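What follows is a single structure, written as C-alpha cells, with notes after it.
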Amino acid sequence: MNKVLIVTGGSRGIGAATAQLAAQRGYAVCVNYLRHQEAASRVVESIEQLGGRAIAVAADVASENDVIQLFNQVDGQLGRVTALVNNAGILESQMRLESMSAARLNRVFAANVIGSFLCAREAVKRMSTLHGGDGGAIVNVSSGASRLGSPGEYVDYAASKGAIDTLTIGLAKEVASEGIRVNAVRPAFIYTDIHASGGEPNRVERVKAFTPMKRGGEAIEVARAILWLLSDEASYTTGSFIDVTGGA
Ligand code: NAP
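This is the structure we're talking about:
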C-alpha cells in the first residue's frame with residue numbers, strides 16, 4: 008500500500024522534522040503550511056534531494072474550505088491519505104487569563120482545536136473501512152501543557168491541548184474497528200520558533216534547568232515518537248500518549 012502522509016504545519020519545527028523523517032521511511036509527504044512558503048519549499052527540496060516524494064500545500068487549518076482543498080489536492084497529487092499528523096498549532100503572547108481577549112481565544116482554539124478536528128474529519132472520510140478506505144493512522148500533536156496548564160503564560164493554549172487529548176481518546180474509540188488508530192504525542196521544551204510567538208524566543212534556555220533531564224528537546228526527538236505511532240510497530244496502540252518532555 009502507498010504510504011501517503013499529510014503533516015499540517017510541516018514547514019517548520021516539529022512538523023518539518025516529521026515530514027523529513029517520514030520521507031526517509033517511505034511516505035509520500037504533503038507539507039502543509041500557512042504563510043512561510045519558502046520554508047515549506049526547503050522541506051520539500053530536502054526530501055526530493057534524498058529521492059523522496061513531497062508537495063507543499065498552503066492551507067489554514069482553521070478554515071474549513073482550506074482543509075477541504077488541502078485533502079482534495081493530496082487525493083489528486085499523491086493519492087488517498089493513509090497517515091495524518093495534526094501538528095499545526097499556535098500560541099500567543101505570555102499573559103495571565105484575565106488579560107486574554109475573546110479574539111485571541113478564538114484564534115488559538117480555531118487553529119489548535121477546530122483545525123485538528125477538521126483535518127481528522129477529512130482523514131477519517133478517506134481512511135475508514137466504513138467509507139471504503141483501507142485504514143490509516145492519525146497522530147495529534149498535543150503538549151505537556153495539557154497536563155501542566157501553563158499558568159501565567161498561556162492557559163488558553165494549554166486548554167486547547169487538553170481538547171486535543173480528549174479528541175485523541177474519543178476518536179480513537181470511535182474509529183478503532185474501522186482500521187484507524189489515533190494517538191498523540193505531548194512534547195514540551197522543544198527548540199523551535201514557537202516560543203518567539205509567546206514573546207520569549209529563548210524560553211527553553213530559561214526553563215530547561217527545571218526539567219528532570221536538564222535540557223531542551225530537539226524537533227527530531229518528537230518526530231521519532233510520531234513516526235513510531237504512525238508505524239505498524241504500533242499496530243495495537245490507539246488512544247495513547249507519548250510524553251516527549253525530558254521527564255517533566
Ligand atoms: P513552529 O516552529 O512555530 O511551527 C508551526 C508550524 O505550524 C509552521 O509550519 C506554521 O506554518 C504552521 N501553522 C501555524 N498555524 C497554522 C494554520 N492555521 N494552518 C496551517 N499551518 C499552520 O511550532 P512547533 O514548535 O514546531 O510546534 C508544532 C506543534 O507542536 C504545535 O502544535 C505545538 O503546539 C506543539 N508543541 C510544541 C512544543 C515546543 O516546545 N516547541 C511543545 C509542545 C507542543 P508557517 O511556517 O507557514 O507559519
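Those letters in the sequence shown? Residues 8 to 255, per my numbering, in order. Every residue, glycine too, gets a C-beta built ideally from N, C-alpha and C. Computed from a predicted structure; not experimentally measured.
Proximity test, residue i beta-carbon vs the ligand NAP heavy atom, cut-off 6 Å
i: V51; result: no
i: R19; result: yes
i: N147; result: no
i: I97; result: yes
i: A63; result: no
i: L155; result: no
i: Y40; result: yes
i: I197; result: yes
i: A118; result: yes
i: H138; result: no
i: A69; result: yes
i: P194; result: yes
i: I201; result: yes
i: A46; result: yes
For residue j and residue i, the rounded distance between their alpha carbons
i: A30; j: D163; result: 33 Å
i: S167; j: G33; result: 32 Å
i: L98; j: L57; result: 33 Å
i: L104; j: A241; result: 38 Å
i: G206; j: S100; result: 5 Å
i: S184; j: A117; result: 29 Å
i: A226; j: G22; result: 8 Å
Whether residue i touches residue j by CB criterion (7 Å)
i: A26; j: V36; result: yes
i: Y40; j: S18; result: yes
i: V74; j: A63; result: no
i: N9; j: G86; result: yes
i: G246; j: A179; result: yes
i: L234; j: L28; result: yes
i: T218; j: G186; result: no
i: V92; j: V146; result: yes
i: G122; j: V68; result: yes
i: R194; j: H202; result: According to the sequence provided, residue 194 is Pro. The question's Arg does not apply to it. No, the pair does not count as a contact, with Cβ atoms beyond the cut-off.
i: G169; j: I197; result: no
Limits of the unbroken alpha helix (DSSP H) element including residue i
i: R231; result: A226 to L237
i: N5; result: The chain is shown only over 8 to 255; residue 5 falls outside these bounds and no answer can be derived.
i: G122; result: G122 to M134
i: V81; result: E71 to Q84
Range of the contiguous beta strand (DSSP E) that encloses residue i
i: D172; result: Where D172 is concerned, there is no enclosing beta strand (DSSP E), although the alpha helix (DSSP H) it sits in stretches over V162 to V182.
i: L12; result: V11 to V14
i: L91; result: A90 to N93
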